[in-house]
Amino acid sequence: PSLTTRLYSEEDPVVILTSATVKQTLVNSSTAWLVQFYSSWCGHCIQYSPTWKALAGDVKDWEHAIRIGVLDCAQENNFDICKEFGIHFYPTFRYFKARGPTFDVGKTYRGADRELQTVRQVMVNFLQNHTREDWPVSCPPLEPYSSADILPLIGQKSNQYTAVIVENEDSYVGREVILDLMMYQGLTVKRALSSERSLTEKLGINSFPSAYLLHPNGTHAILHVQKRLRFFFSSFLKLLLGVHRKLSTSGAPQEPLLEGPRGPGTAEALKDFENGYVWVRTCILCVSPCLIQGPITDFKSFVILADLFPGRQSVVKLLETLLEWLVSLPLEKIPFDAILDLVNNKMRISGMFLSDQLQWVGCQGSRVGLRGYPCSLWTLFHVLTVQAASRPDALANTGLEENPKAVLQTMRKYIVNFFGCQECGKHFEEMAVASLPQVKSVDQAVLWLWRKHNQVNGRLAGTMSEDPHFPKTQWPSPDLCPICHEEQDGIHVWNEDKVLMFLKQHYGAANISPKHMY
Ligand code: FAD
19 PSLTTRLYSE EDPVVILTSA TVKQTLVNSS TAWLVQFYSS WCGHCIQYSP TWKALAGDVK
79 DWEHAIRIGV LDCAQENNFD ICKEFGIHFY PTFRYFKARG PTFDVGKTYR GADRELQTVR
139 QVMVNFLQNH TREDWPVSCP PLEPYSSADI LPLIGQKSNQ YTAVIVENED SYVGREVILD
199 LMMYQGLTVK RALSSERSLT EKLGINSFPS AYLLHPNGTH AILHVQKRLR FFFSSFLKLL
259 LGVHRKLSTS GAPQEPLLEG PRGPGTAEAL KDFENGYVWV RTCILCVSPC LIQGPITDFK
319 SFVILADLFP GRQSVVKLLE TLLEWLVSLP LEKIPFDAIL DLVNNKMRIS GMFLSDQLQW
379 VGCQGSRVGL RGYPCSLWTL FHVLTVQAAS RPDALANTGL EENPKAVLQT MRKYIVNFFG
439 CQECGKHFEE MAVASLPQVK SVDQAVLWLW RKHNQVNGRL AGTMSEDPHF PKTQWPSPDL
499 CPICHEEQDG IHVWNEDKVL MFLKQHYGAA NISPKHMY
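Position in the sequence shown (from 1) plus 18 gives the number in UniProt numbering.
Structure (structure tokens):
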């Protein structure tokens, strides 16, 4: 791979522009643009690339208003175009207004401060520099509303929520939350200034920023968040019942939503724990396609992890028997019917029944085809990494006891060979190659899986596999774990020590109700 592909890749949330695409992309674009013209050999550019990627990730939800691009001037076929843009220094940051009718070289950002928060705020200012004529088509209004605009809405019924962020004049929180929510339907976010006395008095707000929520049924109340920060407001609003991310691709007609619990990672998710079921199901129902793909040894190591499983003894026993049987098989591949017979026999003896129709509980989707098996598989592996960290002796005499990555390596093999979703396997493998070697302890293994799961959530947000009732957010959301979230220099950061504590508690054996443990 060239240096360019190493500095920015298709996996990053930036748009990679080239001489072939840059003009047609920027001219008459429906969105504004912020483009970094860089050179892949320039040290500053290399050092700055993580910040640029973080910025692009931070404002990904703004992409229908303003987008982040990169163009590598060190690439031979980009020499001429960089000359045409008059790029002399690297990196050069240029803004391009939306709906520019003809080619224009953009406006250079000359500020010395290139910190993420500053650039983000400059992006907001730049958006506000648009006129009514060239305003980006999908960008919501960013100007503050007056008391006279807002007061009449109070107590009115509506077909959606309205959130009003009341803030001081120099605050960017309101505009950032408006842009964070622009891809969501079922809610409008407006901002008003703290100087609007009649409004603040009517709403009873005296510290800023604060958010006030008008519900569709006409009721209204101040929005209570643990920390009055952009991330907390935005997360809260995204998780409101009836607020959904607009699908980024229009797909097949959707089946009607089933009645179901709401919200990602509510206590529900683990209370009804069907992972034992999934395990058994994995062994029986999914083994048939697995046989075509995966080596028997990889399947065995998956079953070995049963020693970590905090479920009913009967499941553990069943899995152990299965393992003994697998080990005794002189075969490369496992006959599906044989495995089915074995499990059914064992289950009959132990009084367990596995119905044909799998009823998901914690992983019940709001529509057929959503959540279910992959949801439970994630949960299962989170439980296993937490168990490995909490019960160091559990894998004694399995050959895995000294290996802090035992669960993750098994998961990796399982996902690649048996999961059935090739794309998922490919992505997971890429993540594993890139960062699994850095995992040195069982605690780091717990955090690695959490981080990678969030990476997948970020990639899938707004796609067809997102259940509108269970939006793909960065998890755990602030309502689940407020202390997991912090802000440094205006940027959301995780407190990983607190996340680890939370994961150990959330996925710990004590939090798993035996009611649904098969
Ligand atoms: P899930 O993402 O399945 O999560 C289940 C539960 O885990 C959530 O409800 C929440 O309570 C909790 N949770 C959420 N995030 C975290 C976290 N960071 N740490 C700990 N717990 C968390 N689908 C695709 O379309 N494309 C893919 O490339 C793809 N790759 C996948 C790779 C793997 C390894 C797996 C297991 C699944 C993959 N899937 C992929 C499926 C996808 O990730 C979801 O599992 C599926 O869309 C169901 O989503 P869900 O809303 O039920 O939540």
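Ideal Cβ placement from N, Cα and C applies to all residues, glycine included.
Source: prediction; values computed, not measured.
- A407 and P494 have their C-alpha atoms spaced approximately 19 Å apart.
- Nearest to R117 by alpha-carbon distance, out of A92, G383, S453, R150, is R150.
- When DSSP reads this structure, G87 sits in a beta bridge with V33, V53.
- Look at F249 here: in three-state DSSP terms it is helix.
- Within the same chain, and ignoring the five residues on either side of D485 in sequence, the residues whose Cβ sits closer than 8 Å to its Cβ are G383, S384, R385, L388, R389.
- Here the distance from the Cβ of D461 to the nearest heavy atom of the ligand FAD is not below 7 Å.
- When DSSP assignments are scanned along the stretch 51-136, the uninterrupted stretches of beta strand (DSSP E) that are 3 or more residues long and fall wholly within it turn out to be 84-90, 110-114.
- Residue pairing by DSSP puts E185 in a beta bridge opposite L211.
- Rounded to the nearest whole angstrom, the CA to CA distance from F226 to V207 is 16 Å.
- Rounded to the nearest whole angstrom, the C-alpha separation of D131 and G476 is 28 Å.
- Residue range 509-512 is occupied by the beta strand (DSSP E) that includes V511.
- In this chain, the beta strand (DSSP E) harbouring Y230 covers 228-232.
- Residue environment for G236: exposed (fewer than 16 other C-beta atoms within 10 angstroms of its C-beta).
- Residue pairing for T180: DSSP places it in a beta bridge opposite T206, L232.
- Relative to the ligand FAD, the beta carbon of W468 is positioned inside 7 Å of a heavy atom.
- Taking a C-beta distance under 8 Å as the contact criterion, T481 and S253 do not qualify as a contact pair.
- In this chain, the beta strand (DSSP E) harbouring E504 covers 503-506.
- Distance from the Cα of I86 is smallest, within the candidate group K71, T428, N147, for K71.
- In this structure, P31 has its beta carbon at no less than 7 Å from each heavy atom of the ligand FAD.
- As the crow flies, the alpha-carbon of G508 is around 51 Å from that of K335.
- Of the other Cβ atoms in all chains shown, fewer than 16 fall within 10 Å of the Cβ of H242; this residue is therefore exposed.
- Looking at the DSSP output, Y26 bridges to nothing.
- Its Cα nearest to that of R248, the residue V184 stands out among L259, K264, V184.
- With a cutoff of 8 Å on beta-carbon distance, L205 and Y179 are scored as near each other.
- Within the DSSP bridge table, the entry for F488 names D485 as partners.
- Annotation: the continuous beta strand (DSSP E) that includes I240 extends over 238-240.
- Exclusion of V434 from the 7 Å shell around the ligand FAD follows from its C-beta lying no nearer than that to any non-hydrogen atom of the ligand.
- With respect to the C-alpha of L44, the residue from S176, W80, Y113 having the closest C-alpha is Y113.
- For L402, the enclosing alpha helix (DSSP H) stretches over residues 391-408.
- One Cα belongs to L418, the other to A424, and the distance between them is close to 6 Å.
- Using a Cβ-Cβ distance cut-off of 8 Å, the stretch 90-100 and the stretch 119-127 are not in contact, since fewer than three pairs of beta carbons, one from each stretch, lie closer than that value.
- DSSP places T43 in the uninterrupted alpha helix (DSSP H) bounded by 40-44.
- In the DSSP annotation of this structure, the continuous segment of the alpha helix (DSSP H) that includes L478 starts and ends at 460-478.
- Distance between Y230 and I172, taken at the CA atoms: about 10 Å.
- With contacts defined as CB atoms closer than 8 Å, L518 and L465 qualify as a contacting pair.
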